Structure formats: structure tokens, C-alpha cells
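>
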Amino acid sequence: MMLFGDEGQELLKDATIFIAGAGGLGSPVAVYLAVLGVGTIILADNDTVERTNLNRQILHGERDIGRRKSVSAGDRLEALNPDITVKAIDATIDATTVHSLTDTADGIVDALDNYPTRYLLNRIAIEKDIPLFHGGISGFFGQATTIIPGETPCLRCIFPHPPPREVFPVAGVTAGFIGMVQATEVCKYLLCKGELLANRLLLWDGMQARVEEIAIEKDPSCEDCAGRAPPEH
Amino acid sequence: MKVKLRFFARFGELLGNSLCIEGREGMSVAGLVREAAAGNKAGYDAIFDETGAFRNFVIVMRNKKRIRSQDADLIYISEGDEIAVFPPVAGG
Chain A
19 MMLFGDEGQE LLKDATIFIA GAGGLGSPVA VYLAVLGVGT IILADNDTVE
69 RTNLNRQILH GERDIGRRKS VSAGDRLEAL NPDITVKAID ATIDATTVHS
119 LTDTADGIVD ALDNYPTRYL LNRIAIEKDI PLFHGGISGF FGQATTIIPG
169 ETPCLRCIFP HPPPREVFPV AGVTAGFIGM VQATEVCKYL LCKGELLANR
219 LLLWDGMQAR VEEIAIEKDP SCEDCAGRAP PEH
Chain B
167 MKVKLRFFAR FGELLGNSLC IEGREGMSVA GLVREAAAGN KAGYDAIFDE
217 TGAFRNFVIV MRNKKRIRSQ DADLIYISEG DEIAVFPPVA GG
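Order-wise, the sequence lines are chains A and B.
Quick note: the first sequence, position 170, residue 188 per this note's numbering, numbers continuous.
Quick note: the second sequence, position 64, residue 230 per this note's numbering, numbers continuous.
#1: Among A:V53, A:A62 and A:G57, whose alpha-carbon lies nearest the alpha-carbon of A14 (chain A)?
#2: What residue range does the beta strand (DSSP E) around H152 (chain A) cover?
#3: In whole angstroms, what separates the C-alpha of C172 (chain A) from that of N132 (chain A)?
#4: When you compare the region 52-60 of chain A with the region 96-104 of chain A, are there three or more beta-carbon pairs, one atom per stretch, that lie closer than 8 Å?
#5: Which residues share a DSSP beta bridge with M20 (chain A)?
#6: Whose C-alpha, out of A:A193, A:L215, A:T192 and A:G194, is nearest the C-alpha of E203 (chain A)?
#7: For D112 (chain A) and E145 (chain A), what's the separation of their Cα atoms in angstroms?
#8: Which residues mark the beginning and the end of the alpha helix (DSSP H) in which G190 (chain A) is found?
#9: DSSP has A216 (chain A) in a bridge; who is on the other side?
#10: Please return the same chain residues whose Cβ sits closer than 8 Å to the Cβ of E191 (chain B), not counting the five positions on each side in sequence.
#11: Select from the region 196-228 of chain B all residues with a C-beta closer than 7 Å to any C-beta belonging to chain A, and list them in chain order.
#12: Using a Cβ cut-off of 7 Å (strictly closer), state whether H152 (chain A) contacts chain B.
#13: For E68 (chain A), does the three-state DSSP call read helix, strand or coil?
#14: Which of the three DSSP states is assigned to D237 (chain B) in this structure?
#15: Take every Cβ of the region 25-40 of chain A, pair it with every Cβ of the region 204-213 of chain A, and state whether three or more of those distances are shorter than 8 Å.
#16: Check C186 (chain B) in the structure and name its three-state DSSP category.
#17: For the beta strand (DSSP E) containing F36 (chain A), list its first residue and its last residue.
See the structure below:
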């Protein structure tokens with residue numbers, strides 16, 4: 019692609035990105051990273067496609083209802099770009115699987131729907147010293163930030179306590195909006211271009227059509243990273 | 167003194183997205199939010215616990231800088247302040 023040049027396209031081709039979840043956020047992120055040419059996409063989900071998913075989970079369609087999301091997502095991504103490697107895995111992301119799922123990843127995309135598993139990914143990102151591209155959505159609201167271990171606050175610094183578990187409907191367009199922020203961040207990170215959404219939390223209010231950002235800071239008392247400094251390379 | 171109070175996400179749905187409030191001298195950030203939410207039980211309960219303290223996941227900003235919610239009773243509003251209160255959103 020002219021925008022990135024051969025060198026940029028090679029960087030994307032050599033990269034491995036782990037996408038945690040093939041739902042609302044995972045769908046647009048995976049679709050765009052696939053057509054962007056990210057060489058290896060590892061995607062994990064433990065769910066089955068339901069009709070109610072189809073307003074936002076664009077990896078899946080009417081004929082996928084009842085199929086495992088991992089299978090449906092794998093088929094869709096391979097159809098979009100047969101030149102990349104897609105490892106779509108039917109798995110629950112937990113303490114027993116997270117290491118093997120992220121083993122070869124250069125970055126992790128948070129496309130989850132709960133904070134306990136997000137905290138798990140946060141700790142793995144810190145341990146592996148790789149970025150975590152965070153996104154969260156509810157209704158017409160969304161948030162996103164890019165976490166670079168040692169350089170930015172970690173997810174636990176920003177959200178030390180999880181909100182209560184509640185089920186809120188999500189507008190598909192919100193997943194698209196926040197998913198595109200995440201995919202753009204992955205792209206810039208892999209190409210070493212531009213300024214990342216680092217040390218800033220982006221807030222999107224679709225109903226008010228407002229994008230805001232707030233400065234976020236490391237928490238020296240953070241139980242996951244203790245506000246640690248960048249690792250020495 | 168005039169203070170702008172903004173609620174995001176679920177809080178905004180319950181309490182309104184943006185309110186212009188006539189604050190009083192010596193009023194704390196927490197006091198301002200409590201007063202603004204007092205007329206709406208669901209909104210108040212979403213933000214505050216039974217002791218009147220911010221729930222531990224609630225994020226409070228003053229003039230786009232985060233303040234610790236546990237300090238919000240000791241931080242006082244000033245003319246023109248913008249206070250923002252929001253929950254992390256969890257869906258994905």
C-alpha cells in the first residue's frame with residue numbers, strides 16, 4: 019500500500035496480534051487488521067453466534083447462527099485476506115490459557131466484556147512488555163487507550179476497581195467507532211508512526227457526538243504495575 | 167459561583183449529561199455531585215454508596231484532571247470549574 023510503503027507492509031506482515039474476543043469490538047478490529055495485512059492474527063472466543071449478536075458483531079452473519087464464534091471468525095478473516103495467518107481459537111481466556119494464547123504476540127487487543135479478564139490481560143502485557151490496546155463500550159458510549167508497560171499507566175492504574183457486572187445493550191456503531199480507534203493504534207504501533215493514544219483516555223459519547231480525552235497517570239500504589247518505570251532495553 | 171457538572175455514560179443517562187450549577191463558597195466536589203444527584207435515587211445510588219461515599223469504581227475529574235474520589239470531600243470548587251463524573255464502561 020502506498021501509504022505505508024513496502025517496508026511498512028513488511029512490518030505489518032511480520033507482526034502477530036492477539037485479539038481477546040470475537041464480539042462487538044473484536045469484530046471490527048479483526049476485520050481491519052486482516053485487510054491491513056497484519057501477518058498473524060490470533061483470536062480467542064468461547065462463545066456461539068446468536069442472532070442478537072448480529073447488530074454489531076460483523077465477523078458473523080445470519081448463516082453463522084449456532085456456529086462457534088472462533089470458527090465463524092476464522093472463515094470470515096481468511097476470506098477477507100487469504101495471505102495472512104489466522105489462528106481462531108475456541109478458548110476461554112483465563113489464568114490457565116492466557117500465556118499460551120499470547121505467547122507469540124507483539125500486542126494484545128482488549129475486546130472483552132468484563133474487567134476481571136481485562137486485568138488478567140493487563141498483567142500479561144506488563145509481564146511480556148507488550149502493548150495492550152484497551153477498548154470498552156456501552157450503549158452509545160465508548161472509551162479507549164493504549165497501554166505501553168512502563169511508559170503509561172496500566173489498566174489497573176486507570177481503573178483500580180471494576181464497575182459492577184451489568185448487561186447493557188451496545189449500539190453496533192459504537193463498537194465500530196471504538197474498534198477503529200483500537201485498530202488504528204495497533205497499526206501506528208506496528209509501523210512506529212504517529213502519536214499513540216498513550217497517557218490519555220479517549221471518551222466517546224455518540225449521542226452527544228463528542229470525543230473527549232482526559233490525562234491519565236500512573237498510580238505508584240497500583241497492585242499490578244506499582245507505577246513502574248520503563249524497562250531498560 | 168457557576169460550575170459545570172458533566173456526567174458520562176450510564177450516569178449521564180440517569181442524571182443528564184451536562185448541568186450548570188450555582189455552587190456555594192466552601193462546597194466540595196463531592197458535595198456538589200451529591201447535591202446534583204440527590205433528586206434522582208437511581209442516579210445517586212449508581213454513584214454513591216450507602217455511606218454517601220463515591221463508589222470505588224467511579225472516576226471524578228476536575229478541570230480535566232483526575233482527582234481521587236476519596237479526596238473529593240476535601241477539594242473545593244471554584245468559579246468556572248468543570249467537574250466530570252463517569253464509570254468505566256465494560257462492554258466489548
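Idealized CB from N, CA, C, for every residue including glycine.
All of these numbers come straight from a predicted model, not from anything done at the bench.
Put simply:
#1: Given that chain A is displayed from residue 19 to residue 251, the structure contains no residue 14 (chain A) and the question cannot be resolved.
#2: It spans L150 to S156 - the beta strand (DSSP E) in which H152 (chain A) sits, taken as one unbroken run.
#3: Each residue's alpha carbon lies about 16 Å from the other.
#4: Contact between the region 52-60 of chain A and the region 96-104 of chain A is present, with at least three C-beta pairs closer than 8 Å.
#5: In the DSSP assignment, no residue is bridged to M20 (chain A).
#6: Minimum Cα distance to E203 (chain A) is reached at A:L215.
#7: E145 (chain A) has its alpha-carbon roughly 15 Å from the corresponding atom of D112 (chain A).
#8: Here the alpha helix (DSSP H) through G190 (chain A) covers G190 to L209.
#9: A216 (chain A) is bridged by DSSP to A:T164.
#10: Same-chain partners within the cutoff: M167.
#11: So the list reads N222, F223 and M227, given in the order they occur along the chain.
#12: Nearest CB-CB separation between H152 (chain A) and chain B: not below the 7 Å threshold.
#13: In the structure shown, the three-state DSSP call for E68 (chain A) is coil.
#14: DSSP, read as helix, strand or coil, puts D237 (chain B) in helix.
#15: As far as the Cβ criterion goes, the region 25-40 of chain A touches the region 204-213 of chain A, which means the pair count is three or higher.
#16: In the structure shown, C186 (chain B) sits in a strand (DSSP, three-state: E or B).
#17: Counted as a single uninterrupted DSSP element, the beta strand (DSSP E) harbouring F36 (chain A) occupies residues T34 to A38.
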